[in-house]
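Input: a single structure, listed below in structure tokens.
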Amino acid sequence: MQEIDENVQIFISEAVELLEEIENSLLELENASDDDELLNLVFRAAHTIKGSAGLFGFEHIIEFTHVVENTLDDMRNCIIPISSELITVLMRSKDQIAALVEALPEEESINTEEEKELVDLLNAFRSGKSAACAAESNNDETEAEAEATETSGENASLQLEEVTTEAESSDSIQSEHYHISLRLGVDTFREGFIPNALFKQLATIGEIKSAVLVDENMPVLSELDPESCYLGWEIALDSQASKDEIHAIFEFVEGAQCTILPPSSKISEYRHLIQHIPEDEYLALGQILLQTGTLTEEELQLVLNKQQQTQEKVGDLLVENKIVQSEVVEQALEKQQKQKVNQQKALSFVKVDSAKLDKLVNLVGELVINGAKMEQLSDRYSDDVLHETMESTISTLEELRETALALRMIPIGATFNRFHRVVRDISQELEKDIRLEIYGADSELDKTVIDKISDPLMHLVRNSLDHGIEMPDEREQLGKSRQGVIKLDAHHEAGMIVIQITDDGAGMDADKLVEKAIEKGVISSGQKLKRGEIFNLIFEPGFSMAKQISNISGRGVGMDVVRRNIEALRGTILITSELGKGTTITIQLPLTLSIIDGFHIKVDQEDFIIPLDMIKECITLNETQIQESSMHDYITLRGEVLPLIELRSYYSLSGDYGDDSENHLKHRENIVVVQFGQQKVGLVVGDLLGEIQAVIKPLGRVFKGLNGFAGFTILGSGHIALVIDVPGLVKDVVTNEKTQFDKIKKDQIDTSRRLLH
Amino acid sequence: MSKQQTIKLGAECTIYEVLEKHHQIIEQWKDLGQSFTIDMSSVEEIDNSFVQLLLSCKKTAITNNSDCELINIPDSIKEYIESAYYSDYLFPAVEAVES
Numbered sequence: 140m141q142e143i144d145e146n147v148q149i150f151i152s153e154a155v156e157l158l159e160e161i162e163n164s165l166l167e168l169e170n171a172s173d174d175d176e177l178l179n180l181v182f183r184a185a186h187t188i189k190g191s192a193g194l195f196g197f198e199h200i201i202e203f204t205h206v207v208e209n210t211l212d213d214m215r216n217c218i219i220p221i222s223s224e225l226i227t228v229l230m231r232s233k234d235q236i237a238a239l240v241e242a243l244p245e246e247e248s249i250n251t252e253e254e255k256e257l258v259d260l261l262n263a264f265r266s267g268k269s270a271a272c273a274a275e276s277n278n279d280e281t282e283a284e285a286e287a288t289e290t291s292g293e294n295a296s297l298q299l300e301e302v303t304t305e306a307e308s309s310d311s312i313q314s315e316h317y318h319i320s321l322r323l324g325v326d327t328f329r330e331g332f333i334p335n336a337l338f339k340q341l342a343t344i345g346e347i348k349s350a351v352l353v354d355e356n357m358p359v360l361s362e363l364d365p366e367s368c369y370l371g372w373e374i375a376l377d378s379q380a381s382k383d384e385i386h387a388i389f390e391f392v393e394g395a396q397c398t399i400l401p402p403s404s405k406i407s408e409y410r411h412l413i414q415h416i417p418e419d420e421y422l423a424l425g426q427i428l429l430q431t432g433t434l435t436e437e438e439l440q441l442v443l444n445k446q447q448q449t450q451e452k453v454g455d456l457l458v459e460n461k462i463v464q465s466e467v468v469e470q471a472l473e474k475q476q477k478q479k480v481n482q483q484k485a486l487s488f489v490k491v492d493s494a495k496l497d498k499l500v501n502l503v504g505e506l507v508i509n510g511a512k513m514e515q516l517s518d519r520y521s522d523d524v525l526h527e528t529m530e531s532t533i534s535t536l537e538e539l540r541e542t543a544l545a546l547r548m549i550p551i552g553a554t555f556n557r558f559h560r561v562v563r564d565i566s567q568e569l570e571k572d573i574r575l576e577i578y579g580a581d582s583e584l585d586k587t588v589i590d591k592i593s594d595p596l597m598h599l600v601r602n603s604l605d606h607g608i609e610m611p612d613e614r615e616q617l618g619k620s621r622q623g624v625i626k627l628d629a630h631h632e633a634g635m636i637v638i639q640i641t642d643d644g645a646g647m648d649a650d651k652l653v654e655k656a657i658e659k660g661v662i663s664s665g666q667k668l669k670r671g672e673i674f675n676l677i678f679e680p681g682f683s684m685a686k687q688i689s690n691i692s693g694r695g696v697g698m699d700v701v702r703r704n705i706e707a708l709r710g711t712i713l714i715t716s717e718l719g720k721g722t723t724i725t726i727q728l729p730l731t732l733s734i735i736d737g738f739h740i741k742v743d744q745e746d747f748i749i750p751l752d753m754i755k756e757c758i759t760l761n762e763t764q765i766q767e768s769s770m771h772d773y774i775t776l777r778g779e780v781l782p783l784i785e786l787r788s789y790y791s792l793s794g795d796y797g798d799d800s801e802n803h804l805k806h807r808e809n810i811v812v813v814q815f816g817q818q819k820v821g822l823v824v825g826d827l828l829g830e831i832q833a834v835i836k837p838l839g840r841v842f843k844g845l846n847g848f849a850g851f852t853i854l855g856s857g858h859i860a861l862v863i864d865v866p867g868l869v870k871d872v873v874t875n876e877k878t879q880f881d882k883i884k885k886d887q888i889d890t891s892r893r894l895l896h
Numbered sequence: 015m016s017k018q019q020t021i022k023l024g025a026e027c028t029i030y031e032v033l034e035k036h037h038q039i040i041e042q043w044k045d046l047g048q049s050f051t052i053d054m055s056s057v058e059e060i061d062n063s064f065v066q067l068l069l070s071c072k073k074t075a076i077t078n079n080s081d082c083e084l085i086n087i088p089d090s091i092k093e094y095i096e097s098a099y100y101s102d103y104l105f106p107a108v109e110a111v112e113s
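Each protein sequence line maps, in turn, to chains A and B.
Take the first sequence: its position 230, counting from 1, is numbered 369 in our numbering, and each next residue is one higher.
Take the second sequence: its position 83, counting from 1, is numbered 97 in our numbering, and each next residue is one higher.
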């Protein structure tokens, strides 16, 4: 594969983010078609991708994005109405841009058929724009109707909006004409300028309704310098020209002061233009008004000069001096505020390559280990200052560890948001009406965990869409709303993140699940399962309840993979379901994978770490329990049977107690009770050495396939401690129990047979 | 009855003449309380500096509660005055003369 230039890599990463933004905004836009800001967001994102692609000469991306951008622009100008069909085409276009970006740095032709079809579809929307707009204006039934059909393109759309806004703010109407205040410069005559020419030119772009000479500065004869100019006019101009066009007429009159107050009908146009200004850069109020043509540079200079004298705010001066209407100033101030917020946001984030973060976290991990080593070494010396310094170093290291880990924590919202598109597309495909609700999108967890949880979540959501939610008619018959709901919820709970996928669909039939499980040989016919265990049967390999295999889900492959992936993250997955009411899948995951709070134990001379979040309690056996444990592989703890795993034998450690049973028992007296899912297991260990922060390092390839270990860590003493894979151990216990159960049952059957014969 | 204060302008009434005419008018219009008449019958060319002088005459008259009349304005000159919207200020005087 060709190596990607660093700048191209930045382009790709930014494009991916922008495309995500496009998708989310399009989805929102479908339900809020009057939200100009959303449409602007999509347009700007597409425009940025096209612009950035231009820097690298990615012609293919430029060409295709250009077509998309044109369509979006027509939508912004109300030439193409927003419809579900158009959103679908735009979504597909977004996918196509994503495919083109993904193929970089090669400018390959990707999905050329799809691209051609999309270009045709987008152009079809665009070519039908007049009819579409006319249709829209008919629906509006406003006074603008006639005007909209008479005029074309942007003007039509502009008038539509102006009429609406005028109606909304009829109180604010000041004048139907441009009001031009002109004061000629003192040297106008000396420079040979003829003011009459101005009126002649104004007459070419509109009708001068009135022009009143202003004599306020005109001196009487005795004070007059006849070669100096004191003239000024207040002019009312009826014109369709823009403020800039009008201003251009006065541009070359040296020393003149000219302010142009647009007609009230222009207010909505200016507000519209202000809304379209990007929010990624902070602009001064004057700059915003300049950019939209609401204000001319001379007007701004005039106001800024006045501001120096009066210290008044620019906005107030603009309104007071009748240069800009107050509504327009308010809109510009609102935009300025948004830009300010965005700029602050932009300033408070720095993009860092996640590989660099990984390296940092690893280095911090090494530092934590070295800190622990140093602490142990310092214990050899009775130096108070050394101990104090060590204590402070350890405390800082702990803080550093927390901070380094927090750097990798990202909100789960971005992952959740991807499901809006999935829900939309699949529900359309299945002809179902399904709404996705998201809660706790701000909940943060390690990027590695987020990356790995994305696929299992996708599978679960697709399952809910396909099998969970019923068809609208069926729901109606059941007295439910036609629209089904899938909820994604994330929240922190005791140092873990809990993700729940809930649907209000058909739920699961426990009896049918058992029936199916027996039929597939997943369980034996006499096996009694708890309700929770029944639902968890769907995670067994090859188990599927779907009557029909669809291309969305239902092949029975996947759910077992889902569970395996979640367990690989040291997580758990549980299902609760109520027939006819719906299903809830709860996933519990650790917030991070790299550094854990562990519990240090010793078995024989070997060190082990048990993840602290999986430990329920540590117990010291009483005499009865010691006797019981020596006879069976379980004890009775508070009335419940607790299976035991003796780590010494489980890991085949060489420790030999000989025939000294007293010594043996002494080493069996500590039990660490761990829990994974609903299953509790007692680990029979040697010494309990206390809590420790452990930097988990993966075991090398040599140890691939070795069960029972999640990795290793280096202790402060320099010794290596293996991190116990609690889920693996618990699963082993469950499997052994089943084998034992089967063996007992087989023995019972054999005995019965022998007795019968 | 006081003597009628009048001045007759020449053919060229542009910035090149305006300084001189300004002095002449001040000299001629000694009694500002009395009305002043400007005969424009010979004017062939005028510019804005000159129109401004006429406007100043008008303002001076108003300030002194008197009157300044422009008489015999050629059509071309009238057109020029109208084209820069000076008429409201100057034409009442013109109309007075015409009537």
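Each residue gets a CB set at the ideal place from its N, CA and C atoms; glycine is no exception.
If you compare the alpha carbons of B:102, B:20 and B:97 with that of residue 69 of chain B, the shortest gap goes to B:102. Residue pairing of residue 862 of chain A in beta bridges, as defined by DSSP: A:748 and A:850.
Comparing alpha-carbon positions, the option among A:717, A:730 and A:719 lying closest to residue 711 of chain A turns out to be A:730.
Judged by DSSP secondary structure, residue 364 of chain A falls outside any beta strand (DSSP E); it is assigned neither H nor E. At a cut-off of 8 Å between beta-carbon atoms, residue 356 of chain A makes no contact with chain B.
Contiguous beta strand (DSSP E) elements confined to the region 806 to 830 of chain A occur at 809 to 815 and 818 to 824, taking only those with 3 or more residues.
Not a single C-beta of chain A is nearer than 8 Å to the C-beta of residue 57 of chain B. Annotated three-state conformation of residue 768 of chain A is helix, per DSSP. Residues of the region 154 to 171 of chain A whose Cβ lies closer than 8 Å to any Cβ of chain B: none. For residue 632 of chain A, the enclosing beta strand (DSSP E) has its first and last residue at 623 to 632.
Here the region 320 to 333 of chain A makes no contact with the region 37 to 56 of chain B; the two share fewer than three CB pairs at distances below 8 Å. The beta carbons of residue 335 of chain A and residue 98 of chain B sit closer together than 8 Å.
In this structure, A:170 is the residue among A:170, A:157, A:147 and A:148 with its C-alpha nearest to the C-alpha of residue 559 of chain A. Excluding five sequence positions before and after residue 553 of chain A, none of the CB atoms of its chain fall closer than 6 Å to its own CB. Residue ranges of uninterrupted alpha helix (DSSP H) with 4 or more members, entirely inside the region 423 to 476 of chain A and ordered along the chain, are 424 to 430, 436 to 449 and 453 to 459. The beta carbons of residue 742 of chain A and residue 824 of chain A sit closer together than 8 Å. Counting only Cβ-Cβ distances below 7 Å, residue 328 of chain A has contacts in chain B at 29, 62 and 63, in chain order. When the beta-carbon positions are compared, residue 609 of chain A and residue 649 of chain A stay at least 8 Å from each other. In the structure shown, residue 836 of chain A falls within a strand segment according to DSSP collapsed to helix, strand and coil. Considering only beta carbons, the part of the region 93 to 106 of chain B lying closer than 8 Å to chain A consists of 94, 97, 98, 99, 100, 102 and 103, in chain order. Contacts between residue 352 of chain A and chain B, judged by CB atoms closer than 8 Å, involve 69, 99, 100, 102 and 103 in chain order. The Cβ-Cβ distance between residue 104 of chain B and residue 72 of chain B falls below 8 Å. Rounded to the nearest angstrom, the gap between the Cα atoms of residue 264 of chain A and residue 216 of chain A is 14 Å.
Separation of residue 165 of chain A and residue 345 of chain A (C-alpha to C-alpha, rounded to the nearest whole angstrom) is 41 Å.
Along the region 82 to 107 of chain B, the alpha helix (DSSP H) occurs as fully enclosed runs of 4 or more residues at 89 to 97, listed in sequence order. Close CB contacts of residue 95 of chain B within its chain, under the 7 Å cut and outside five residues either way in sequence, are with 65, 101 and 104 (chain order). For residue 196 of chain A, the secondary structure class from DSSP, reduced to helix, strand or coil, is coil. Between the alpha carbons of residue 406 of chain A and residue 27 of chain B lies a distance of about 45 Å.
Inter-residue distance for residue 63 of chain B and residue 370 of chain A is about 9 Å (C-alpha atoms, whole angstroms).
Within chain A, the residues whose beta carbon sits less than 7 Å from that of residue 77 of chain B are 359, listed in sequence order.
Distance from the CA atom of residue 57 of chain B to the CA atom of residue 460 of chain A, rounded to whole angstroms, is 40 Å.
In this structure, the straight-line span from the alpha carbon of residue 203 of chain A to that of residue 626 of chain A is close to 36 Å. The alpha carbon of residue 870 of chain A has as its nearest neighbour, out of A:390, A:516, A:706 and A:540, the alpha carbon of A:706. Relative to the Cα of residue 791 of chain A, the nearest Cα in the group A:839, A:749 and A:846 belongs to A:846.
Residue 571 of chain A and residue 643 of chain A have their C-alpha atoms some 13 Å from each other.
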